[in-house]
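S.K.: Please find one structure pasted underneath; my questions will follow.
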Amino acid sequence: APDPDNKYSTVGGIVDTKSGDEANFGDEETEGKHTEYLSRARRHLDTEYLSHIFVVNEIDGQQEIAFFDKMADSYNSNENMVVWYVDALAMLLEVALTVNLRNELQLVGGDFQKLFYPFFVTEAYKQTSVSGITRKVGQSQED
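For the sequence shown, my numbering assigns the number 134 to the initial residue and increments by one for each residue that follows.
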């Protein structure tokens, strides 16, 4: 989305969709496909931040966290991993494309960039009230 006030850094993304009912992050290799995706994106995207985005049908918090831990050394300080449910992505697109939803967002003092920016920029995410619960979410599935 346009940023006429230049309030936000530019963000690029690599999107990997998982076609099965389960993403199977536990079986996913980091070297090869994913490190190559990052390498290509670094060469071809002229952005300040880079997000490695996965779109999945189901989330098993432990596997995603373990995969992130394996990938962590491959990410530069301006890069992160984002995992979206398909339904969450659909909601994101609905907000972006539906005029009356965008208007409601503006009425409460927000804008599209402000709402979604923390998902893609680690520093902005750390300033949110939910930033401390990411690993707790994954750990709660063991109970």
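Even for Gly, the Cβ is constructed at its ideal location relative to N, Cα and C.
These figures come from a predicted structure and were not determined experimentally.
If you count every other CB in all the chains shown that lies within 10 Å of the CB of residue 182, and 16 or more means buried, which is it?
M.R.: Per the 10 Å Cβ criterion, buried.
S.K.: Which residue from 262, 253, 266, 209 puts its Cα closest to that of residue 143?
M.R.: Comparing Cα-Cα distances from residue 143 to each of 262, 253, 266, 209, the minimum goes to 253.
S.K.: In angstroms with no decimal places, state the Cα-to-Cα distance between residue 134 and residue 246.
M.R.: Because the pLDDT of residue 134 is 47, which lies under 50, any placement of that residue in the model is unreliable, and the number read from its coordinates should be weighed accordingly. Residue 134 and residue 246: Cα-Cα distance of roughly 7 Å.
S.K.: When the Cα atoms are used, what is the spatial distance from residue 171 to residue 218?
M.R.: Looking at the two C-alpha atoms, the distance is approximately 21 Å.
S.K.: CB-CB under 6 Å to residue 158, same chain, minus the five flanking residues each way: which ones, in chain order?
M.R.: Once the five neighbours on either side are set aside, the close Cβ partners of residue 158 are 196, 197, 200.
S.K.: For residue 215, I'd like the list of residues in its chain whose CB is within less than 6 Å of its CB, leaving aside the five on either flank, ordered along the chain.
M.R.: Same-chain partners within the cutoff: 184, 186, 252.
S.K.: Within 10 Å of its beta-carbon, does residue 274 have 16 or more other beta-carbons around it, so buried, or fewer, so exposed?
M.R.: Low confidence applies here, because residue 274 scores a pLDDT of 48, under 50, leaving its location unreliable and the question unanswered by this model.
S.K.: Just to confirm, are residue 177 and residue 204 a CB contact at a threshold of 8 Å?
M.R.: No.
S.K.: Indicate whether residue 191 and residue 223 have their beta-carbon atoms separated by less than 8 Å.
M.R.: Going by C-beta atoms, residue 191 is not nearer than 8 Å to residue 223.
S.K.: By alpha-carbon positions, which one of 189, 161, 140, 250 ends up nearest to residue 148?
M.R.: Out of 189, 161, 140, 250, 189 has the C-alpha closest to the C-alpha of residue 148.
S.K.: When DSSP labels each residue in this structure, what does residue 184 get in the three-state scheme?
M.R.: Correct three-state label for residue 184: strand.
S.K.: Helix, strand or coil, according to DSSP, for residue 161 in the structure here?
M.R.: Residue 161 falls in the coil class under three-state DSSP.
S.K.: Have a look at residue 261 and residue 141 and give me their C-alpha separation to the nearest angstrom.
M.R.: Cα-Cα distance, rounded: 16 Å.
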